[in-house]
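Heads up: the structure comes next, in structure tokens.
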Amino acid sequence: MGLWATVDAGLNRLYRICGIIAAFLLVTLTVLVFLSILTRMIGTYIGGLTEFAGYTMAACSFFAMSYTFRSGGHIRVQLLVSHLTGKARRINDLWCTGIFALIVTYLAYYLCELAYESWEFGEISEGGDAIALWIPQLPTAIGSAVFAISAVHTFIETLVRPATLDEIDKGAAMGSEG
Amino acid sequence: MTEVLATVIFIAALFFCLGSGVWVGASLLACAIIGMELFTSRPVGASMAVTIWGAQSSWTLTALPMFIWMGEILFRTKLSEVLFKGLTPWMSRLPGGLLHVNVAGSAIFAAISGSSAATVATVGKMAIPELRAREYPEKMIVGTLAGAGTLGLLIPPSISLIIYGVTVNESIAKLFIAGILPGMALALMFMTYVAVWGIMKGGAIAKEQSYSWRDRIVALMDLLPVLALIIAVISSIYSGIATATEAAVLGVLGSLALSWWQDSLNWKTFEQSVFGAVRTSAMIAFILAGSTFLSLAMGFTGIPRGLAELIGGLNLTPLMLIAMLTVFYIVLGCFLDGISSIVLTMAVIEPMVRAAGFDMIWFGIYLMIVVEMAQITPPIGFNLFVLQGMTGHDMGFISRASIPMFIIMCLAIIGLVMFPQIATFLPSNT
Numbered sequence: 000m001g002l003w004a005t006v007d008a009g010l011n012r013l014y015r016i017c018g019i020i021a022a023f024l025l026v027t028l029t030v031l032v033f034l035s036i037l038t039r040m041i042g043t044y045i046g047g048l049t050e051f052a053g054y055t056m057a058a059c060s061f062f063a064m065s066y067t068f069r070s071g072g073h074i075r076v077q078l079l080v081s082h083l084t085g086k087a088r089r090i091n092d093l094w095c096t097g098i099f100a101l102i103v104t105y106l107a108y109y110l111c112e113l114a115y116e117s118w119e120f121g122e123i124s125e126g127g128d129a130i131a132l133w134i135p136q137l138p139t140a141i142g143s144a145v146f147a148i149s150a151v152h153t154f155i156e157t158l159v160r161p162a163t164l165d166e167i168d169k170g171a172a173m174g175s176e177g
Numbered sequence: 000m001t002e003v004l005a006t007v008i009f010i011a012a013l014f015f016c017l018g019s020g021v022w023v024g025a026s027l028l029a030c031a032i033i034g035m036e037l038f039t040s041r042p043v044g045a046s047m048a049v050t051i052w053g054a055q056s057s058w059t060l061t062a063l064p065m066f067i068w069m070g071e072i073l074f075r076t077k078l079s080e081v082l083f084k085g086l087t088p089w090m091s092r093l094p095g096g097l098l099h100v101n102v103a104g105s106a107i108f109a110a111i112s113g114s115s116a117a118t119v120a121t122v123g124k125m126a127i128p129e130l131r132a133r134e135y136p137e138k139m140i141v142g143t144l145a146g147a148g149t150l151g152l153l154i155p156p157s158i159s160l161i162i163y164g165v166t167v168n169e170s171i172a173k174l175f176i177a178g179i180l181p182g183m184a185l186a187l188m189f190m191t192y193v194a195v196w197g198i199m200k201g202g203a204i205a206k207e208q209s210y211s212w213r214d215r216i217v218a219l220m221d222l223l224p225v226l227a228l229i230i231a232v233i234s235s236i237y238s239g240i241a242t243a244t245e246a247a248v249l250g251v252l253g254s255l256a257l258s259w260w261q262d263s264l265n266w267k268t269f270e271q272s273v274f275g276a277v278r279t280s281a282m283i284a285f286i287l288a289g290s291t292f293l294s295l296a297m298g299f300t301g302i303p304r305g306l307a308e309l310i311g312g313l314n315l316t317p318l319m320l321i322a323m324l325t326v327f328y329i330v331l332g333c334f335l336d337g338i339s340s341i342v343l344t345m346a347v348i349e350p351m352v353r354a355a356g357f358d359m360i361w362f363g364i365y366l367m368i369v370v371e372m373a374q375i376t377p378p379i380g381f382n383l384f385v386l387q388g389m390t391g392h393d394m395g396f397i398s399r400a401s402i403p404m405f406i407i408m409c410l411a412i413i414g415l416v417m418f419p420q421i422a423t424f425l426p427s428n429t
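Take a look at the structure:
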């Protein structure tokens, strides 16, 4: 149990760090858009600011995914399953977390492949920024990979400890730290 | 025949995933993957990654986290207090008394926040205890608040309008402008209801103290910074100086300034507002990721085209079609939240609505009202949840209290169908 607790705490810290990165990216996004207003007001033009704002948002969203998931921020329809108890509840919990882990891993795999192929084929953005596309795609890929880790983590945790999904719904799965 | 079977599997998978409690974003992704596998020979995973990357990094969508953040900042200011104290001297002598503060406060907060739940929470925080102390009937306090909170989606900025605009590729600025008049009209309808109720009750409710003009002017001064922020954000969009995203950033800076001016800005509230915004944005981004890929898959299934032809063949009058859609969205709202309903249905509904000749800007405004109607009907409704938490009443009481508001919103839809100019006049004249 000692090893599992260490891994669990470490992973929760990872999600929290990703959440902090996402918070910084949100502030960065605000600054970028503000810059685009300022530069237009003084009549200059910095190429690619709007593209960079979009990239920053994508990175922000995906870095926040795992943190949001583990703190109960993602929504699901509980109306029909909230009355399940006992074994039916257990099977439904495993189905939900299992299929979720599968789908999110699938998503993360292909987002990573997208970034990898952009790098391999040297793809360049078509916007005013004209940078290599793998650069903005990399943070999104990393964020989605951590999201996949959090999904698999939650599935395993549900297998071991039946109360897991309930804790996630209540936003209590991140532990009390910080 | 195989085509029909594939369609059945696709739809059944969607309902099964959503109904069994799989997270909405993942449900949509799962069905899109099944749909792509069944109906095309394209590489599924690669199409998914390209579609999601394109949608998630689009400039238009950047307005979304910005406006969410703006709302999160204002939620943590003393705004609920300022709104109540500022509006009270102006509303106290109207028939229906301070219940008007619920409506007017919601309309004002709606103009700086894009979420109806936040509107209910902010206005209610101060108004519920104050109105209770003055012995207004509980049913009216709760009902007017539930109803007026829905203005949050209609009066710009609106999170749901941004999502609608991104989904159907319409200008967010135009949608925002289109929401102004219908939002004000709906607020007036709510206030008329309160006034009629007040007149009918006559002396049964407590007389409010009257305020001098001096008091009113002082109260107005308190409201001034908020009003200035509203005017700055809306006029920057309306005049075309700023895009929706840029207006949102001005809004964020303005709300930080307002928060600082009210002494409620410190590291803790700032940090909470950023994390709150990040969480809400990520929640929506995940649903949007699922829905953009599902829209792509939906296109291959032929369901939207089939449905558009089917409805086209029925030769419905616009009013009948709208009545059908209204019932459909309210039923759907029993299972899904507003944002999920919008993104999930637009892939199917959009071709049909376009084929029926509706203006997509007008339809967006219509959709906001119906989705909000679904939010004040049980069993699922964010406004109901918020009010449940704030007042301690059960869902049944709150939704019964909201019935008059629900009827008023039905009337608003009929008005919107009969006089579409209410929504289309302003955006076509900018």
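Chains as they are written, first to last, in numbering that gives the first Met the number 0: chain A, 0 to 177; chain B, 0 to 429.
Even glycine gets a Cβ: it sits at the ideal position worked out from N, Cα and C.
Helix, strand or coil at residue i [DSSP, three-state]
i	result
R432 (chain B)	Summary: the structure shown does not reach residue 432 (chain B), with chain B confined to residues 0 through 429, and so no result is reported for it.
A284 (chain B)	helix
P179 (chain B)	Note on residue identity: the sequence assigns Ile, not Pro, to residue 179 (chain B). Helix, per DSSP.
I240 (chain B)	coil
R133 (chain B)	coil
W58 (chain B)	coil
I123 (chain A)	strand
G177 (chain A)	Any reading at G177 (chain A) must be qualified, since the residue scores a pLDDT of 33, below 50, and its modelled position is unreliable; no value is offered.
R160 (chain A)	coil
A172 (chain A)	coil
A131 (chain A)	strand
Residue burial classification, residue i (beta-carbon count within 10 angstroms, cutoff 16)
i	result
F424 (chain B)	exposed
A106 (chain B)	buried
G177 (chain A)	With a pLDDT of 33 at G177 (chain A), under the threshold of 50, the modelled position of this residue cannot be trusted, and the question is left open.
Q208 (chain B)	exposed
R75 (chain B)	buried
F418 (chain B)	exposed
V330 (chain B)	exposed
A227 (chain B)	exposed
I412 (chain B)	buried
E270 (chain B)	exposed
S91 (chain B)	buried
W212 (chain B)	exposed
Y82 (chain A)	Reading off the sequence, residue 82 (chain A) comes out as His, not Tyr. Exposed is the call here.
W52 (chain B)	buried
P42 (chain B)	exposed
F108 (chain B)	buried
Cβ neighbours of residue i in the same chain (closer than 6 Å, five flanking residues each side left out)
i	result
L462 (chain B)	The structure shown does not extend to residue 462 (chain B), since chain B is modelled only from 0 through 429, so no value can be given for it.
A31 (chain B)	F292, L293, A296
A125 (chain A)	Per the sequence shown, residue 125 (chain A) should be read as Glu rather than Ala. Same-chain partners within the cutoff: there are none.
V352 (chain B)	F362
G380 (chain B)	Q374
E179 (chain A)	Here chain A has residues from 0 to 177 only, and residue 179 (chain A) is not among them.
L250 (chain B)	First, the amino acid is wrong: residue 250 (chain B) is Gly here, not Leu. Closer than 6 Å at Cβ, skipping near neighbours: M69, V232.
7 Å CB neighbourhood of residue i in its chain, flanking five on each side removed
i	result
A59 (chain A)	Here residue 59 (chain A) turns out to be Cys, not Ala, going by the sequence shown. Once the five neighbours on either side are set aside, the close Cβ partners of C59 (chain A) are A21, L24, L25, L28.
L366 (chain B)	Y163, I341
Q136 (chain A)	L113, A114, S117
T49 (chain A)	S35
L252 (chain B)	none
S339 (chain B)	V23, I286
Interface flag, residue i vs chain D, CB-CB below 8 Å
i	result
R88 (chain A)	The displayed structure is made up of protein chains A and B, and chain D is not among them.
Sequence-distant residues of its chain with Cβ nearer than 8 Å to residue i (five each side left out)
i	result
S175 (chain A)	Caution is warranted here: a pLDDT of 43 is assigned to S175 (chain A), below 50, making its placement in the model unreliable, and no coordinate value can be reported.
E405 (chain B)	The sequence shown places Phe at residue 405 (chain B), not Glu. G146, M372, I375, T376.
T244 (chain B)	W58, T59, T61, A62, M65
Ignoring anything shorter than 3 residues, give me the beta strand (DSSP E) runs that lie fully in the segment 140-177 of chain B, in order along the chain. List check, beta strand (DSSP E) in window: nothing returned.
Take every Cβ of the segment 153-161 of chain B, pair it with every Cβ of the segment 108-122 of chain B, and state whether three or more of those distances are shorter than 8 Å. Output reads yes: the segment 108-122 of chain B touches the segment 153-161 of chain B.
Run through the segment 60-92 of chain B for me and flag every whole alpha helix (DSSP H) of 4 or more residues, listed as ranges in chain order. At a cut-off of 4 residues, the continuous stretches assigned as alpha helix (DSSP H) that sit fully inside the segment 60-92 of chain B are 62-74, 78-90.
So, does the segment 72-87 of chain A touch the segment 105-114 of chain A, judging by three or more C-beta pairs under 8 Å? Using a Cβ-Cβ distance cut-off of 8 Å, the segment 72-87 of chain A and the segment 105-114 of chain A are not in contact, since fewer than three pairs of beta carbons, one from each stretch, lie closer than that value.
Between the segment 304-320 of chain B and the segment 83-97 of chain A, do three or more beta carbon pairs fall short of 8 Å? No, the segment 304-320 of chain B does not touch the segment 83-97 of chain A.
Along the chain, which unbroken stretches of the alpha helix (DSSP H) at least 4 residues long are found entirely within the segment 15-64 of chain A? If we require 4 residues or more, the segment 15-64 of chain A turns out to have no alpha helix (DSSP H) run fully inside it.
For the segment 338-406 of chain B, list the alpha helix (DSSP H) runs that are entirely contained and at least 4 residues long, ordered along the chain. Segments of the alpha helix (DSSP H) lying fully in the segment 338-406 of chain B: 359-374, 381-390, 394-400.
Within 8 Å, do at least three Cβ pairs link the segment 212-221 of chain B to the segment 24-44 of chain B? By the C-beta criterion, the segment 24-44 of chain B is judged not to be in contact with the segment 212-221 of chain B, since fewer than 3 inter-stretch pairs fall below 8 Å.
Counting beta carbon pairs with one atom in the segment 271-280 of chain B and one in the segment 51-71 of chain B, are three or more of them shorter than 8 Å? Output reads yes: the segment 271-280 of chain B touches the segment 51-71 of chain B.
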